[in-house]
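In my numbering, the protein residues as written are 1 to 338.
Built from N, CA and C at the ideal position, the CB exists for glycine as well.
Small disclaimer: the values here were computed from a predicted structure and weren't measured.
Structure, as structure tokens:
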Amino acid sequence: MGGLVRGSRDPARPPLGATRRRLLALTVPVTAVLAIAAALTLGLLSPNPALGTALGLLGALAVVALVAYATVRICGRALRPVAAMRNALAAADEVDLTARLRVPATGDEIEALGRAANAWADQVQRVVERERRFVADASHDLRGPITGLVTRLEDAAAEDPAPVLRALLADALRLGEIVDDLLELTRLDAGAEATVNSVDLSRLVAEEVARVPAGLAVTTDLAPGAVVLASRIRLARVLGNLLANAARHARNVHVSVTVRPPHAFLEVVDDGPGIDPAEAERVFERFVRLDDARRRDPGGSGLGLPIARQIARRYGGDLYAADHKGGAHFVLTLPLAD
Numbered sequence: 001m002g003g004l005v006r007g008s009r010d011p012a013r014p015p016l017g018a019t020r021r022r023l024l025a026l027t028v029p030v031t032a033v034l035a036i037a038a039a040l041t042l043g044l045l046s047p048n049p050a051l052g053t054a055l056g057l058l059g060a061l062a063v064v065a066l067v068a069y070a071t072v073r074i075c076g077r078a079l080r081p082v083a084a085m086r087n088a089l090a091a092a093d094e095v096d097l098t099a100r101l102r103v104p105a106t107g108d109e110i111e112a113l114g115r116a117a118n119a120w121a122d123q124v125q126r127v128v129e130r131e132r133r134f135v136a137d138a139s140h141d142l143r144g145p146i147t148g149l150v151t152r153l154e155d156a157a158a159e160d161p162a163p164v165l166r167a168l169l170a171d172a173l174r175l176g177e178i179v180d181d182l183l184e185l186t187r188l189d190a191g192a193e194a195t196v197n198s199v200d201l202s203r204l205v206a207e208e209v210a211r212v213p214a215g216l217a218v219t220t221d222l223a224p225g226a227v228v229l230a231s232r233i234r235l236a237r238v239l240g241n242l243l244a245n246a247a248r249h250a251r252n253v254h255v256s257v258t259v260r261p262p263h264a265f266l267e268v269v270d271d272g273p274g275i276d277p278a279e280a281e282r283v284f285e286r287f288v289r290l291d292d293a294r295r296r297d298p299g300g301s302g303l304g305l306p307i308a309r310q311i312a313r314r315y316g317g318d319l320y321a322a323d324h325k326g327g328a329h330f331v332l333t334l335p336l337a338d
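Okay, structure coming up:
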């Protein structure tokens with residue numbers, strides 16, 4: 001039984017296709033040769049060779065016809081689920097991301113084909129839904145800074161422009177950060193490569209921590225020899241995103257780099273409210289911002305951590321939130337350079 005789960009027309013009996021023609025071309029000649037050889041042998045062994053041969057040839061013709069008919073019927077029955085799935089796909093003239101093929105429980109390659117087609121449809125649905133959320137959430141996140149710019153420009157016309165201009169600058173910078181995040185996601189999704197070099201993680205951390213603005217106390221514990229192959233610019237972005245996330249939720253941050261072959265580990269621990277273990281994976285989904293995070297920092301976009309994880313995985317590593325009491329604990333792993 002095939003077809004789309006949402007319902008489609010019953011498939012008609014499929015025509016004699018190329019698969020059955022090829023099977024007939026293989027089985028009929030072989031059967032004919034064997035049957036004729038058997039008929040001639042029986043005819044020679046019979047008391048009346050002429051009559052025996054004639055009857056044998058008639059029997060051979062019947063056998064060949066029977067084999068041809070059986071080949072067509074058996075092949076048609078075997079391919080009927082494929083034809084049903086084909087007709088169901090051809091009849092799907094409307095966009096329905098939830099539609100799936102009915103997979104026959106045949107236990108063979110046909111069932112595997114149907115399951116593979118449905119798995120592909122699941123992936124397409126996830127991609128399309130993610131893009132829809134992307135458009136909706138990006139529009140929502142961009143609307144805030146733009147509305148702020150318009151409102152403050154209107155206020156500037158009526159009062160002292162100095163504080164308004166400072167607020168305008170903050171909104172413009174935030175808008176620029178969102179656009180930069182969207183562009184980076186586009187590059188990562190497109191597989192755009194960046195220059196890969198040997199990067200000393202400890203040196204990178206020391207240089208980036210020196211740029212951290214006042215108000216966030218950062219301590220470090222940096223081990224030597226943590227050299228990885230990656231884009232320095234992208235790794236700096238990962239660390240920057242982790243520090244920015246900590247700055248929104250904490251006052252003190254500890255950054256450590258350790259070497260445990262075959263990997264290097266960069267860990268960022270803060271003294272903020274932390275992350276519920278049940279939500280540890282959700283924070284890496286695009287545009288996902290937990291309720292507490294939204295209350296504390298309504299200006300976040302929910303893109304920093306997903307970008308950081310995607311960069312880590314691009315270079316053979318990973319980024320995850322480890323269990324930690326009294327704050328958030330993010331761990332970046334990367335394979336050591338040979």
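How many Å lie between residue i and residue j at the Cα?
i: Leu-332; j: Val-124; result: 30 angstroms
i: Arg-248; j: Gly-327; result: 12 angstroms
i: Glu-129; j: Asp-318; result: 25 angstroms
i: Leu-188; j: Val-67; result: 58 angstroms
i: Ala-194; j: Leu-185; result: 13 angstroms
i: Leu-16; j: Val-127; result: With a pLDDT of 44 at Leu-16, under the threshold of 50, the predicted position of this residue should be treated as unreliable, and no value is reported.
i: Gly-240; j: Val-103; result: 48 angstroms
i: Leu-340; j: Leu-142; result: The chain is shown from 1 up to 338; residue 340 falls before or after that span and cannot be answered.
i: Asp-270; j: Thr-219; result: 10 angstroms
i: Met-85; j: Leu-101; result: 7 angstroms
i: Arg-282; j: Asp-200; result: 30 angstroms
Could you tell me how far apart the beta carbons of residue i and residue j are, in whole angstroms, since I believe they sit closer than 8 angstroms?
i: His-263; j: Pro-335; result: 6 angstroms
i: Val-205; j: Leu-266; result: 7 angstroms
i: Ile-110; j: Val-150; result: 60 angstroms between Cβ atoms; not a contact.
i: Leu-216; j: Arg-251; result: 7 angstroms
i: Ile-311; j: Arg-237; result: 7 angstroms
i: Phe-284; j: Arg-309; result: 5 angstroms
i: Ala-280; j: Ala-223; result: Not a contact, Cβ separation roughly 26 angstroms.
i: Leu-173; j: Arg-152; result: Not really, about 13 angstroms apart at Cβ, beyond 8 angstroms.
i: Gly-302; j: Val-259; result: Going by Cβ atoms, the distance from Gly-302 to Val-259 rounds to 32 angstroms, so no, they are not a contact pair.
Within 10 Å of its beta-carbon, does residue i have 16 or more other beta-carbons around it, so buried, or fewer, so exposed?
i: Asn-197; result: exposed
i: Pro-145; result: buried
i: Gly-316; result: exposed
i: Leu-235; result: buried
i: Val-179; result: exposed
i: Leu-58; result: exposed
i: Glu-207; result: exposed
i: Ala-119; result: exposed
i: Asp-122; result: exposed
i: Ala-242; result: Looking at the sequence provided, one finds Leu at residue 242 rather than Ala. Classification for Leu-242: buried.
So what does residue i bridge to, in DSSP terms?
i: Ala-321; result: Phe-330
i: Val-268; result: Val-255, Phe-330
i: Arg-260; result: His-263
i: Leu-61; result: In the DSSP output, where bridge partners are listed per residue, Leu-61 has none listed.
i: Leu-336; result: Val-228
> Which full runs of the alpha helix (DSSP H) of 4+ residues lie inside the stretch 159 to 203, going along the chain?
Replying inline: 161 to 189
>> Which runs of the beta strand (DSSP E) at least 3 residues long sit entirely within the stretch 198 to 249? Give them in chain order.
In response: 217 to 222, 227 to 230
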